[in-house]
Amino acid sequence: FSVKKKKIHKMNNLTVESEIELKQDLKKLSLEELRKLKEKIGNEVYQNATTKKSKLDLHSKSVKRKNKNRPSEISSKLNPFLNPIKNSKPKIKTIVKETKCIDPRFDSLYGEFDKRVFERNYKFLNDIKEKEKKKLQKKLKQKSHDEKNEQVKLLLQRIENQDREKQKLEAQEKLKLEQRQKKIRCY
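Numbering-wise, the sequence shown is residues 49 to 235 according to my numbering.
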């Protein structure tokens, strides 16, 4: 419990620059890495790090004045560029480019799907699947009968079914290709 308090205290003492760097680093991490980080440092500390308001927001308070026509009074110790006033309108509007997700399956820029080209480009996946299949078979031989053994059996069966289906499709394509060649020879 005291370790968590120390970590939270450290998180509260971050400078603005380090806080910005931390948030940028967290954005770059994958979901799996974020989950591992969350498990490692604890949920409370993680929440404080990701959702804590920056120190910029803490200083920006609404300025009150006695008369609406009077100018607003701001402390000279605060840098107005780092601590903007909430009531003031932004002078420069920044244009933020949103990243647009592109799905090549539905975009005409990527051309038509060619199964032969796809198979040629991703041939290495077949090797990986074979290695995975061998590992599963080894696990199946080593494990005693329990729930994990059942899961391994199901995975192995699924891979074998996929292989059989792939072989059927290849055989059908071969037949079609042979028939086309016969038709071409006849003409």
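In this text, a Cβ means the ideal position worked out from N, Cα and C, and glycines have one as well.
**Prompt:** If you run the structure through DSSP and keep just helix, strand and coil, what is F172?
**Reply:** Position 124 of the sequence shown, counted from the start, is the residue given in the question as residue 172. Helix at F172.
**Item:** Three-state secondary structure (DSSP) of K186
**Value:** For this step, residue 186 is matched to residue 138 along the sequence shown. Three-state DSSP puts K186 in a helix.
**Prompt:** With distances taken from CA atoms, which of I176, L202, K196, E167 is nearest E218?
**Reply:** What you label residue 218 is simply residue 170 of the sequence shown in a count that begins at 1. Answer by Cα proximity: E167.
**Request:** With DSSP as the reference, label N197 as helix, strand or coil.
**Result:** For the purposes of this step, residue 197 is taken as the residue at position 149 of the sequence shown. DSSP, read as helix, strand or coil, puts N197 in helix.
**Item:** Own chain, CB closer than 6 Å to I89, minus 5 neighbours either side, in chain order
**Value:** Reading the sequence shown from its first residue, position 41 is the one you call residue 89. Cβ within range, chain order: n/a, list empty.
**Message:** Please confirm whether E160 has its beta-carbon closer than 8 Å to some beta-carbon of chain C.
**Reply:** Structure shown: chain C not included; a single protein chain is present.
**Message:** Measuring CB atoms only, is the stretch 194 to 201 touching the stretch 156 to 164, in the sense that at least three cross pairs come out at less than 8 Å?
**Reply:** no
**Request:** Kindly list the residues whose CB is nearer than 8 Å to the CB of L184, restricted to its own chain and excluding five residues on each side of it in sequence; keep chain order.
**Result:** Taking the first residue of the sequence shown as 1, we reach residue 184 at position 136. Taken in chain order, the residues that qualify are V200, L203, L204, I207.
**Request:** Give the DSSP-derived three-state secondary structure of N209 in the structure shown.
**Result:** Reading the sequence shown from its first residue, position 161 is the one you call residue 209. N209 falls in the helix class under three-state DSSP.
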